[in-house]
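*Asks:* Just so you know, we're using my numbering here: the sequence shown kicks off at -6 and counts up by one.
C-beta: ideal position from N, C-alpha, C; glycine also.
Shown below is the structure under consideration.
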Amino acid sequence: SLCKLNVLHLHLSDDQGFRLPVAAYPRLASKPAYSVEDLRAIVEHAAELGIRVVPEIDMPGHVTSWLVAYPEWGVRQVSSSSRFGVHEACLDPASEPVYEAIDGILDALVSIFPDPCVHIGGDEVNPAWWSNDPEVGALMQREGLGDIRDVQAYFNRRVGELVVKKGRHVVAWDEVQHADLPRDWFVQAWRGSTARDRALSQGNRVIVSAPYYLDLNYPVDVHYAFDPAASQQQLVELEDQMLVDPRFAHIADGMRWTRHWRDEAADIGGESAALLGAEACLWGELVTDEVLDVRLWTRLPALAERFWSTVDERDAETLYERLQWYLQEIHPLKGYDLRSRVDDRLGELGIDQSWRELIGMIEPVKWYGRLLGSEALQARIEGKEMPQSRPYSVDSALDGIVDHLPPESFSARAFEALCQRGSAGDDSAMTDLRRTVDRWRLLGSRRGEAPQILRPLLDGLSRLGEAVLARLERGVLVDDRTLAAITKPHGELMLAVGPELQRWLSDP
């Protein structure tokens, strides 16, 4: 409310669980699930703050949880799933009882949520079941559907008609785009910088979320650079800049995989009144109550500023100052001290306070580096997916150091600024730098006492500190290969202070 973020989008169903109670289908709600009273309380409290609540029931894919409860709604049998990633499970588009069930689910939804919009999902539909099912084949013949995309469009149209009959507008992810897509639907553009204009070119109203996924652990300045109303060319250029940004070098090959989303790009050539706004998404695979604040508030206020500003208002120079001011002065948790909160959480894990300086200089790996893991990430780069190799599931405990770190280290930014001042001849900065590196040396001398997971990062920090002093005091450069070895990620952790200094340390 303080940030003027006026819509809360609740994703209520996925393969791992169905969180909405539906009296007509009592087996559908998973455990745990919201109660009707829970949801109405959320809606009421949000309304008091001027916030709309838009519910999402995702279909026809991401429905494993549906089919565990009511297997007759699919074309194959499934087992309950705790893993993350794309599943094959799909609703049966040729079954009239499926549409009757959806109608009943929508009745339950609209009885709780008064918002004029209902989100029906539509993302990541795996074609395997439909491609080989005789009933779906018969539907295609009967309705003149040429391919699986046409089948999904048929399904979407049927569901959309049910939503409209209940007096609501349809919202869906950008995979629903099709020549037969009704023009009055709202499309949520998430698959890269060209998804927005593809939908706008078809006459749909659009919500932009592609550059604003908070679960990807991006630095705030990266999110802030993308304006929802910027030209498509500008958005594409910003995406390409990320591929050469040293902060993303460790996952750049994976990010290049998304370039196929630019196929069939359309350019509307300017701003459009059909652009409704933007949404920052925080998917919950790696989120618990304990880490929610750190994941949201380290970037969300800056995104709110971006969303409510014009394209030309880009005061990025003092962005971090304004963000810190918000956290310290305006945030509902008055006196919000990010470092203290992180320290408290790590203390609960048994991490000694003496390692604070090191922990302040590290971050989680970026993009899907954590959620996919190395095997699935490589599989995605090679054009195939291996979800069974992902390191996380619903049952994974989020109790490691990486789980409690902010997505971005503000301490690392302060150190980089100190290096710049030292390079410009600031004697006080040089004094502070020497003191900092001395502390890093002292930490390095205690390597054997450090938690095992921190030891390689401690080695890298010590070497980096020596390289900084050698550069400033003697003009000694560091070759790129050595720098890459110093700053490479170790598991799910990386030195935040390394990537931004690489060019300066190696460039004469």
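Which class does Met487 belong to by DSSP, given the choice of helix, strand or coil?
*Replies:* As a first step, residue 487 must be located in the sequence shown, where it is residue number 494. If DSSP states are grouped into helix, strand and coil, Met487 belongs with the strands.
*Asks:* What does the alpha-carbon distance come out to for the pair Arg432 and Thr311?
*Replies:* Numbered from 1 along the sequence shown, position 439 holds the residue referred to as residue 432. Numbered from 1 along the sequence shown, position 318 holds the residue referred to as residue 311. Arg432 and Thr311: Cα-Cα distance of roughly 29 Å.
*Asks:* Check the DSSP bridge columns for His112 and list the partner residues they point to.
*Replies:* Position 119 of the sequence shown, counting from 1, holds the residue named residue 112. According to DSSP, which records beta bridges pairwise, His112 is partnered with Glu49, Val164.
*Asks:* Please check the pair Pro400 and Glu356, which I expect to be a contact at CB under 8 Å, by giving their CB distance rounded to whole angstroms.
*Replies:* For the purposes of this step, residue 400 is identified with residue 407 of the sequence shown, where counting begins at 1. For the purposes of this step, residue 356 is identified with residue 363 of the sequence shown, where counting begins at 1. Sure, about 7 Å apart at Cβ, within 8 Å.
*Asks:* Just to confirm, are Arg383 and Gly78 a CB contact at a threshold of 8 Å?
*Replies:* Taking the sequence shown and counting its residues from 1, the one referred to as residue 383 is at position 390. Taking the sequence shown and counting its residues from 1, the one referred to as residue 78 is at position 85. Their beta carbons are under 8 Å apart, which means Arg383 touches Gly78 by this criterion.
*Asks:* Helix, strand or coil for Cys274 per DSSP?
*Replies:* In the sequence shown, counting from the first residue as 1, residue 274 sits at position 281. Strand at Cys274.
*Asks:* Does the beta-carbon of Pro449, which I'm using as the reference point, lie nearer than 7 Å to any heavy atom of the ligand ATP?
*Replies:* The model on display carries no ligand, and the ligand ATP is accordingly not part of it.
*Asks:* If we count Cβ pairs, one from each stretch, closer than 8 Å, do we get three or more for the stretch 453 to 468 versus the stretch 423 to 431?
*Replies:* They touch, by the three-pair rule.
*Asks:* Between Asp336, Val213, Ala188, which lies nearest to Ser202 when the distance is taken from Cα to Cα?
*Replies:* Taking the first residue of the sequence shown as 1, we reach residue 202 at position 209. Cα-wise, what sits closest to Ser202 is Ala188.
*Asks:* Report the residue from Pro107, Lys24, Tyr319, Ala267 whose alpha carbon sits nearest the alpha carbon of Arg176.
*Replies:* Along the sequence shown, read from residue 1 onward, the residue named residue 176 stands at position 183. Looking at the Cα atoms, Ala267 is the closest of the given residues.
*Asks:* Do Val47 and Pro86 have their C-beta atoms closer together than 8 Å?
*Replies:* Residue 47 sits at position 54 when you count from the first residue of the sequence shown. Residue 86 sits at position 93 when you count from the first residue of the sequence shown. Contact: no.
*Asks:* Have a look at Met423 and Tyr27 and give me their C-alpha separation to the nearest angstrom.
*Replies:* As a working note, residue 423 is residue 430 in the sequence shown. As a working note, residue 27 is residue 34 in the sequence shown. If you take the alpha carbons of Met423 and Tyr27, they lie about 56 Å apart.
*Asks:* With a Cβ-Cβ cutoff of 8 Å, do Val284 and Ala405 count as a contact?
*Replies:* Position 291 of the sequence shown, counting from 1, holds the residue named residue 284. Position 412 of the sequence shown, counting from 1, holds the residue named residue 405. It is not a contact, given that the beta carbons lie outside the stated cut-off.
*Asks:* Using DSSP's beta-bridge definition, name the partner residues of Pro357.
*Replies:* In the sequence shown, counting from the first residue as 1, residue 357 sits at position 364. Note: Pro357 sits in a beta bridge opposite Leu486.
*Asks:* Where does the unbroken beta strand (DSSP E) through His4 begin, and where does it stop?
*Replies:* Position 11 of the sequence shown, counting from 1, holds the residue named residue 4. Segment 0 to 4, the beta strand (DSSP E) holding His4.
*Asks:* Kindly indicate the opening and closing residues of the beta strand (DSSP E) around Gln181.
*Replies:* Along the sequence shown, one-based indexing puts residue 181 at 188. Looking at the DSSP string, the run of the beta strand (DSSP E) that includes Gln181 is 179 to 182.
*Asks:* Would you list the residues sitting across from Ile352 in a DSSP beta bridge?
*Replies:* As a working mapping, residue 352 is identified with position 359 in the sequence shown. None; Ile352 has no bridge partner.
*Asks:* In this structure, what does DSSP give as the bridge partners for Asp7?
*Replies:* Stepping through the sequence shown from its first residue, residue 7 is reached at position 14. DSSP, once it has assigned bridges, lists Gly10 as partnering Asp7.
*Asks:* Does DSSP put Leu174 in a helix, a strand or coil?
*Replies:* Residue mapping note: residue 174 aligns to position 181 of the sequence shown, counting from 1. It is coil, neither helix nor strand.
*Asks:* Run through the DSSP bridge pairs and tell me what Ser386 is partnered with.
*Replies:* For this step, residue 386 is matched to residue 393 along the sequence shown. Paired residues: Arg76.
*Asks:* Hey, quick one: how far does the alpha helix (DSSP H) through Val284 stretch, first residue to last?
*Replies:* Position 291 of the sequence shown holds residue 284. Residues 282 to 290.
*Asks:* Identify every residue that forms a DSSP beta bridge with Tyr511.
*Replies:* Since the first residue of the chain shown is -6 and the last is 501, residue 511 is not available in this structure.
*Asks:* Let me confirm a value: Pro204 is counted as buried when at least 16 other C-beta atoms fall within 10 Å, else exposed. Which label applies?
*Replies:* Looking up residue 204 in the sequence shown gives position 211. The residue is buried, with at least 16 neighbouring Cβ atoms inside 10 Å.
*Asks:* Mind checking who Gly67 pairs with in its DSSP beta bridge?
*Replies:* Residue numbering aside, residue 67 sits at position 74 when the sequence shown is read from its first letter. Partner(s): Leu84.
*Asks:* Just curious, the beta strand (DSSP E) that Arg551 is in, first and last residue?
*Replies:* For the chain, the structure presents residues -6 to 501; residue 551 sits outside this window and is missing.
*Asks:* Taking Arg76 as the reference, which of Glu49, Met487, Asp7, Asp100 has the closest Cα?
*Replies:* Residue 76 sits at position 83 when you count from the first residue of the sequence shown. When only C-alpha atoms are compared, the closest one is Asp7.
*Asks:* Where Leu503 and Asp282 are concerned, what is the direct C-alpha to C-alpha distance, given to the nearest angstrom?
*Replies:* Nothing about residue 503 can be reported from this structure: the residues present for the chain run from -6 to 501 only.
*Asks:* Quick one: grab the DSSP three-state call for Arg307.
*Replies:* Residue numbering aside, residue 307 sits at position 314 when the sequence shown is read from its first letter. Coil at Arg307, not helix or strand.
*Asks:* Of all the options Gly340, Val287, Asp305, which has the alpha carbon lying nearest to the alpha carbon of Leu320?
*Replies:* Translated into positions along the sequence shown, residue 320 becomes position 327. That would be Val287, whose Cα lies nearest to the Cα of Leu320.
*Asks:* Which residues does DSSP list as the beta-bridge partners of Ile200?
*Replies:* Position 207 of the sequence shown, counted from the first residue, corresponds to residue 200. The partner list for Ile200 (beta bridge, DSSP) reads Gln181, Gly270.
*Asks:* Pair every Cβ in the stretch 242 to 253 with every Cβ in the stretch 359 to 373, then say whether three or more of these pairs are closer than 8 Å.
*Replies:* Judged by Cβ distances under 8 Å, the stretch 242 to 253 makes contact with the stretch 359 to 373, as three or more pairs qualify.
*Asks:* What is the residue span of the alpha helix (DSSP H) that Phe219 lies within?
*Replies:* As a first step, residue 219 is located in the sequence shown; it is residue number 226 there, counting from the start. Segment: none, Phe219 is in no alpha helix (DSSP H) and carries neither H nor E.
*Asks:* When you compare only the Cα positions, how much space is there between His216 and Asp233?
*Replies:* Here the question's residue 216 lines up with position 223 in the sequence shown. Here the question's residue 233 lines up with position 240 in the sequence shown. Each residue's alpha carbon lies about 14 Å from the other.
*Asks:* Can you tell me whether Glu517 is helix, strand or coil according to DSSP?
*Replies:* The structure shown does not extend to residue 517, since the chain is modelled only from -6 to 501, so the question has no answer here.
*Asks:* Thinking Ile44 and Leu13 are a contact (beta carbons under 8 Å), I'd like their distance in whole angstroms, please.
*Replies:* For the purposes of this step, residue 44 is taken as residue 51 along the sequence shown, with counting starting at 1. For the purposes of this step, residue 13 is taken as residue 20 along the sequence shown, with counting starting at 1. Actually they are not in contact, since the Cβ atoms of Ile44 and Leu13 sit about 19 Å apart, beyond 8 Å.
*Asks:* Consult DSSP for Val461 and reduce its assignment to one of helix, strand or coil.
*Replies:* As a working mapping, residue 461 is identified with position 468 in the sequence shown. Looking at Val461 - three-state DSSP - the assignment turns out to be helix.
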